[in-house]
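Trainee:
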Ligand code: FE
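Residue numbers (this note's numbering): 501 to 716.
#1: Is residue 683 near residue 705, with beta carbons less than 8 Å apart?
#2: Quick check: the segment 568–588 against the segment 644–659, are at least 3 beta-carbon pairs closer than 8 Å?
#3: So which of 576, 580, 605 has the shortest CA-CA distance to residue 689?
#4: Starting from the Cα of residue 604, find the closest Cα among 592, 547, 573 and give me that residue.
#5: Kindly confirm or deny that the segment 662–678 and the segment 690–698 touch, where touching means at least three C-beta pairs closer than 8 Å.
#6: Return the CA-CA distance between residue 569 and residue 630, expressed in angstroms with no decimal places.
#7: Following the continuous beta strand (DSSP E) through residue 681, name the residue where it begins and the one where it ends.
#8: Residue 572 lies in the beta strand (DSSP E); which residues open and close that run?
#9: According to the Cβ coordinates, are residue 614 and residue 572 closer than 8 Å?
#10: Closest by CA to residue 645, which one among 627, 589, 628, 618?
#11: Measuring only the C-alpha atoms, how far is residue 661 from residue 698?
#12: Is residue 624 close to ligand 1? I mean its beta-carbon at under 7 Å from any heavy atom of the ligand.
#13: Sorry if obvious, but does the Cβ on residue 673 come closer than 7 Å to a heavy atom of ligand 1?
#14: Indicate whether residue 566 and residue 589 have their beta-carbon atoms separated by less than 8 Å.
#15: So which of 601, 535, 612 has the shortest CA-CA distance to residue 449?
#16: Determine the closest residue to residue 649 out of 600, 532, 670, with distance taken between C-alpha atoms.
#17: Taking the CB atoms as reference points, tell me whether residue 643 and residue 624 lie closer together than 8 Å.
#18: Provide the residue(s) that pair with residue 486 in DSSP beta bridges, ordered along the chain.
#19: Do the CB positions of residue 641 and residue 563 come within less than 8 Å of each other?
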């Protein structure tokens with residue numbers, strides 16, 4: 501469908517009739533507008549600088565589940581670190597360069613007898629310093645409600661089939677308490693290096709909805 505764009509700058513030759521939508525053209529939701537207004541107010545009042553906000557966003561975007569995987573691989577490889585992680589997780593992850601200064605972290609370990617899984621029933625609390633941003637399903641109403649009511653059924657939907665002998669523990673995160681699941685180390689991986697182990701450890705296994713799989 502041809503369009504006449506008489507207002508175009510004739511010095512430029514456009515390869516197509518329609519300019520692609522620019523990111524700024526999208527309609528912001530209520531909460532996005534609230535967020536922008538709050539940020540502008542904090543900058544205007546001198547509480548934070550725009551540079552500090554930018555740096556915090558950049559740091560958040562660079563945080564990936566690889567950080568958590570490094571922690572778990574270290575716990576699998578180093579029994580003393582494992583005990584430190586299970587007894588004082590904040591101090592243990594800070595040792596590896598992942599400080600969590602505003603929330604308490606609790607590491608919960610899976611075994612033959614116990615399977616741990618994490619949720620935030622209220623909203624989307626998550627160990628972001630170790631896993632980055634939470635997946636969409638973690639924030640969904642369905643997961644938040646069902647993992648508490650029927651954890652075995654939800655785990656089965658993730659492909660995690662547990663026998664009745666395994667106790668399932670569901671941990672509800674809060675604004676100041678976050679959980680990291682230490683999955684079971686798969687048999688046969690004892691000879692692997694920490695980096696090789698870390699490559700096996702998935703985000704979902706550290707939320708507790710899956711196990712870590714390995715085949716030689
Ligand atoms: Fe939350």
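The beta carbon of each residue, even a glycine, is placed where N, CA and C say it ideally should be.
None of these values were measured; they are calculated from a predicted model.
Mentor: Working from what's here:
#1: Taking 8 Å as the cut-off, the beta carbon of residue 683 is found closer than this to the beta carbon of residue 705.
#2: Not touching, per the Cβ criterion.
#3: Ranked by Cα distance from residue 689, the first of 576, 580, 605 is 576.
#4: Nearest C-alpha to residue 604: 592.
#5: Cβ pair count under 8 Å is below three, so no.
#6: The alpha-carbon atoms of residue 569 and residue 630 are separated by roughly 8 Å.
#7: Residue 681 -> beta strand (DSSP E) spans 677–682.
#8: Premise fails: residue 572 lies in the alpha helix (DSSP H), 565–577, not in any beta strand (DSSP E).
#9: Cβ distance not < 8 Å, so residue 614 and residue 572 don't count as in contact.
#10: When C-alpha distances from residue 645 are compared across 627, 589, 628, 618, the shortest belongs to 618.
#11: C-alpha of residue 661 to C-alpha of residue 698: approximately 23 Å in a straight line.
#12: Yes, the Cβ of residue 624 comes within 7 Å of a heavy atom of ligand 1.
#13: The nearest non-hydrogen atom of ligand 1 is less than 7 Å from the C-beta of residue 673.
#14: In this structure, residue 589 does not lie closer than 8 Å to residue 566 by Cβ.
#15: Shown here, the chain extends from 501 to 716; a query on residue 449 therefore has no answer.
#16: Per the Cα distances, 670.
#17: In this structure, residue 624 does not lie closer than 8 Å to residue 643 by Cβ.
#18: Since the first residue of the chain shown is 501 and the last is 716, residue 486 is not available in this structure.
#19: For the pair residue 641 and residue 563, the CB atoms are not nearer than the 8 Å cut-off.
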